[in-house]
């Protein structure tokens, strides 16, 4: 099976969907002639031309809204945000229009649109370029939120997201674009709303998604040497949330650690912690632990930055805490 | 209009000579329908049948009517702001489904889940109604993008007020529309006040039509109280958009007789100012043109009034008798 990078997996997904459906187009800053700020759209302009791969001025609010109008009237836009941090300029278009057009028109319109780009901290980028914004999108009804952690998941999920008739916020990661993984040559799709058990275990469940998954699997390998057998569940989709798999793993191990890069207050992770505490109360042998980013803006200094992020040490510490060891 | 010139003795001597009389009466009918419908909404709001925000279009009828008269809604699109009842009527939406929507009933155009600011009709290419000032402008630009992408020959009319023109969304949209040669006409309905703030207090320049010049788009001021002037301007802008695939910007100088919304005490303007603008009432003006040219009698006008009065009363009856949406409807239409 071919081994390809995350960026190549995403590129293949867009390429295949654009070849399959003429109404799919890609729009964003530097996606065409620059081949993508992170080279995800490499070669797409050359293959599909300027009609379907469109460079925009720096106008997130404007071109995200253009995506909404185009989607309402029959096209299938892929809107690329250079990072979700810049997407904050378009928050009104996402929350007030994209997520609500269908509902407030009484079901007359659909908005088959994907907004994709890197989300969350990379390294050395400072506070304004390091925000993990999934909580804002996950909070709003009317949006689907997808966050793959491997090239295999990324390709299958992006293809499905593009084919979904609903608005999808697709979260990538700068640091993960170079990660490699096996991706089948033949076409495949991964349904939204299905978590994936990345590591089977029996002592503790670690529930996470996106970039931290890689680090968590490394922590799991270290814990194995200490005789602690960790099960790792990769959500893959945040909304719709695969509650069944979440409760299944917690009922199996009776202990749970949630990991994500959000700030801790009212986040995706804190909400999942609530759901587990409420729905698995009798099966829990310890309170749910949540490893999030620290409740501070991201500093530039690298040591401080690493201290602000979830880490192998913090995960191991949390696992041992719920095991009372 | 109603001013200095001697009244013509025949249609041939009149300003309206090049227009079909039946068509002119249709325009009058539509403006009058908007006026009476909005007056009915005013009443219904006072009776608490309509809740929340209610932004009335009274006084501005010539803009909506004149603009939509130049459109072909089989291929053209309309997007507007929360002051959208008139645009809905001008796009051919029935008073029944509008009043039912305002009453929050399941028979409303948005199944009672939209309300006054969210009137939509996909089949008539009326894409709403938007509650956020200026938020519709990028969306409208996206519809024009779709037209160009598909090589269609439709155009988009994007309406917004003088208050919206300072939003970043306006500037971003016009820039891209011109950059990409999109078939869209941006129409600023300048009724002189953004809620309680006059244009002179909100804008560094008071001639709003020049604001598109920064984006290479020609801008023009139009007398928004004259339905025929509005119509003629739209005809040429639409032709330009359809044939040359190039955007335009029109500043409609108009005036609202009522407050910004139902809760507005209107302390920011004088009665003198209001009465001055009422002298240019678009409905009275068009009626006068027809009467003076011997194309319209008082009896005919009274018939029109009676018919419209009945339409409005029936819309209230329809709304009253329609059921509420069932509770299950709360969870419908979040996703496809």
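Protein chains in written order, with this note's numbering: chain A, 1 to 325; chain B, 326 to 661.
We treat Cβ as the ideally placed atom computed from N, Cα and C, and that holds for glycine.
Anyone know if the C-beta pair for residue 245 (chain A) and residue 231 (chain A) falls short of 8 angstroms? No, these two residues do not count as a Cβ contact at 8 angstroms.
Closer than 8 angstroms, CB to CB, is residue 289 (chain A) near chain B or not? For residue 289 (chain A), the answer is no, since every Cβ of chain B falls outside 8 angstroms of its Cβ.
Mind checking who residue 237 (chain A) pairs with in its DSSP beta bridge? Beta-bridge annotation (DSSP): residue 237 (chain A) is paired with A:146.
Under 6 angstroms Cβ to Cβ from residue 143 (chain A), same chain only, skipping five residues before and after it: list those, please. So the list reads 99, 137, 167, 169, once near-sequence residues are dropped.
Which residues in the same chain as residue 179 (chain A) place their Cβ atom closer than 6 angstroms to its Cβ, once the five residues preceding and following it in sequence are excluded? Excluding positions up to five away in sequence, the list reads 6.
By how many angstroms is the C-alpha of residue 267 (chain A) removed from the C-alpha of residue 284 (chain A)? In this structure, the straight-line span from the alpha carbon of residue 284 (chain A) to that of residue 267 (chain A) is close to 21 angstroms.
For residue 634 (chain B), which residues from the same chain have a beta carbon less than 8 angstroms from its beta carbon, with the 5 sequence-adjacent residues on both sides left out? If we look at residue 634 (chain B) and ignore the five residues flanking it on each side, its Cβ neighbours are 361.
Please classify residue 196 (chain A) as buried or exposed, where buried requires at least 16 other C-beta atoms within 10 Å of its C-beta. Taking every protein chain shown into account, the CB of residue 196 (chain A) has 16 or more other CB atoms within 10 angstroms, so this residue is buried.
Tell me the rounded alpha-carbon separation between residue 85 (chain A) and residue 191 (chain A). One C-alpha to the other measures close to 27 angstroms.
Just to make sure I have the definition right: I need the residues of chain B whose C-beta is within less than 8 angstroms of the C-beta of residue 68 (chain A). Which are they? Neighbours of residue 68 (chain A) on chain B, chain order: 463, 464, 467.
Cβ of residue 494 (chain B) less than 8 angstroms from any chain A Cβ? It does: the Cβ of residue 494 (chain B) has a partner Cβ on chain A nearer than 8 angstroms.
Which of helix, strand or coil does DSSP assign to residue 206 (chain A)? Reduced to three states, the DSSP call for residue 206 (chain A) is strand.
For chain B, find out if any of its Cβ atoms is closer than 8 angstroms to the Cβ of residue 334 (chain A); answer yes or no. As displayed, chain A neither begins before 1 nor continues past 325, which places residue 334 (chain A) out of reach and without an answer.
Starting from residue 573 (chain B), follow its DSSP beta bridges and name the residues at the other end. The beta-bridge partner set that DSSP reports for residue 573 (chain B) consists of B:510.
Let me know the secondary structure DSSP gives residue 646 (chain B) once reduced to three states. Collapsing the DSSP output to three states places residue 646 (chain B) in a helix.
Backbone secondary structure at residue 326 (chain B) - three-state DSSP: Residue placement at residue 326 (chain B) cannot be trusted, given a pLDDT of 48 that sits under 50; the coordinates are not used to answer.
Whole-number beta carbon distance between residue 404 (chain B) and residue 481 (chain B), since they are thought to touch under 8 angstroms: At roughly 7 angstroms, the Cβ-Cβ gap stays under 8 angstroms, so residue 481 (chain B) and residue 404 (chain B) are in contact.
Among A:211, A:159, A:207, which has the Cα closest to the Cα of residue 172 (chain A)? Among A:211, A:159, A:207, the Cα nearest to that of residue 172 (chain A) belongs to A:211.
Counting only beta-carbon separations shorter than 8 angstroms, does residue 92 (chain A) have a partner in chain B? At least one chain B Cβ lies under 8 angstroms of residue 92 (chain A).
I need the boundaries of the alpha helix (DSSP H) containing residue 268 (chain A), first residue and last residue. Here the alpha helix (DSSP H) through residue 268 (chain A) covers 268-279.
Answer yes or no: does any C-beta atom of chain B fall closer than 8 angstroms to that of residue 248 (chain A)? Not one chain B Cβ lies under 8 angstroms of residue 248 (chain A).
Please specify which runs of the beta strand (DSSP E), each continuous and at least 3 residues long, are wholly inside the stretch 458-497 of chain B, giving them in chain order. Segments of the beta strand (DSSP E) lying fully in the stretch 458-497 of chain B: 481-486.
Applying the criterion that 16 or more other CB atoms from any shown protein chain within 10 Å of the CB defines a buried residue, is residue 269 (chain A) buried or exposed? Buried: at least 16 other Cβ atoms inside 10 Å.
So, helix, strand or coil for residue 112 (chain A), using DSSP? Of the three classes helix, strand and coil, the one that applies to residue 112 (chain A) here is coil, per DSSP.
Count Cβ pairs between the stretch 24-44 of chain A and the stretch 423-441 of chain B that sit closer than 8 angstroms; are there 3 or more? Segment contact: the stretch 24-44 of chain A against the stretch 423-441 of chain B, fewer than three CB-CB distances shorter than 8 angstroms; contact not assigned.
Span of the alpha helix (DSSP H), counted from its first residue to its last, around residue 664 (chain B): With chain B represented from 326 up to 661, any question about residue 664 (chain B) goes unanswered, as that position is not in the structure.
For residue 43 (chain A), which of helix, strand or coil comes out of DSSP? In this structure, residue 43 (chain A) counts as coil in the three-state DSSP scheme.
Is residue 289 (chain A) buried or exposed, if buried means 16 or more other CB atoms sit within 10 Å of its CB? The residue is buried, with at least 16 neighbouring Cβ atoms inside 10 Å.
Under 9 angstroms by beta carbon: chain A residues contacting residue 500 (chain B): By Cβ distance, chain A contributes 57, 59, 62.
Are there 16 or more other CB atoms within 10 angstroms of the CB of residue 326 (chain B), so buried, or fewer, so exposed? Here residue 326 (chain B) scores only 48 on pLDDT, less than 50, and its place in the model should not be relied on; the value that follows carries that caveat. Per the 10 Å Cβ criterion, buried.
What residues in its chain sit with their C-beta under 6 angstroms from that of residue 420 (chain B), if we drop five residues either side in the sequence? Annotation for residue 420 (chain B): 362, 636, 640 place their beta carbon closer than 6 angstroms to its own, counting only its chain and skipping 5 residues before and after.
Name, please, each residue of chain A whose Cβ falls closer than 7 angstroms to the Cβ of residue 658 (chain B). Among the residues of chain A, those whose CB is under 7 angstroms from the CB of residue 658 (chain B) are 102, 103, 106, 107, following chain order.
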